[in-house]
Amino acid sequence: MTFRFFAAGLALLVLTACGAEPQYLPEAAPSKLRVRAAVDTLLVQTVSLPTYAADDKISYQDAEGVVRSRNFGLWADEPERATTLAMTRHLNAMTSAKVASEPWPLPEPPTGVLDIRFETMIATNSNTFRIKGQYYMGSEIPDPITYDDPDKEPKELPAPLADKVGLFDIAIPLPEATPAAITRAQAAALTALAERIARDLSR
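Here it is in structure tokens:
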């Protein structure tokens, strides 16, 4: 097995094996964004991907709009797992929160939850790599503060992270629809999405 490393703002790891299609692993460069999150801990639920994007074959859209993937290269990791972990890593670096994916690994339950659902994740026939979808975030309302004085009403506390729904539609320029270029563009798109979500977590 041979390993190649590419660096141009993004790192791209390509894995090849004798007699097999090359495997590609996107590795985005760290973002410079740093924000204080509204919650101390955040659970990132396993992302939802379109069927073609959840497949281990790298897909693209041809001139007629048909989604194709045959003999075009493979993802080196299961796409839903890789995308979930990429978002988790980004948000850990960009925010003050402790961020983890399912199953939750820390002793105390998370104070916030993030759910990302992709409608589109593909190299388009308009020379872009596009991700489109929705994300949801929120947290449970904490128990009210009670007082020793029975005549004093308990103090209601707001949820640390207000319920939010966000839409995203991100397109990254893609001069050529090769597996290596698609891998770099996907990594850049996920970084841009993580920055958008991180800003929402701080409000």
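The sequence shown maps to residues -19 to -1, 1 to 184 in mature numbering (1 follows the signal peptide of the UniProt record, and there is no 0).
The beta-carbon is built from N, C-alpha and C at its ideal position, and this holds for glycine as well.
Within the continuous alpha helix (DSSP H) that includes residue i, where are the two ends?
i	result
Thr164	Pro160 to Leu182
Leu72	Pro60 to Met75
Our contact map puts residue i next to residue j with C-beta atoms below 8 Å; I'd like the distance itself, whole angstroms only.
i	j	result
Ala166	Leu148	That pair is no contact at about 20 Å.
Val20	Gly93	4 Å
Val28	Met75	Contact flag wrong, Cβ pair sits at about 17 Å.
Ala158	Tyr41	5 Å
So, with DSSP's three-state summary, where would you put residue i?
i	result
Ala35	helix
Trp56	strand
Pro11	coil
Val16	strand
Leu87	coil
Leu142	coil
Val47	coil
For the candidate residues the options, whose alpha-carbon lies nearest to that of residue i?
i	options	result
Pro160	Thr105, Ser77 and Lys113	Thr105
Pro7	Pro60, Gln115, Val48 and Arg49	Pro60
Ala170	Ala152, Ala162 and Glu83	Ala152
Lys113	Met102, Glu89, Gly119 and Ser107	Met102
Pro3	Val80, Ala143 and Arg51	Arg51
Asp36	His71, Leu182, Leu95 and Thr64	Thr64
Trp85	Ala57, Leu24, Arg70 and Lys38	Leu24
In terms of residue numbering, what span does the beta strand (DSSP E) encompassing residue i cover?
i	result
Gln115	Thr109 to Gly119
Arg98	Gly93 to Ala104
Thr27	Counting along the chain, Thr27 falls outside any beta strand (DSSP E), and DSSP gives it neither H nor E.
Leu148	Lys145 to Pro154
Ala81	Lys79 to Ser82
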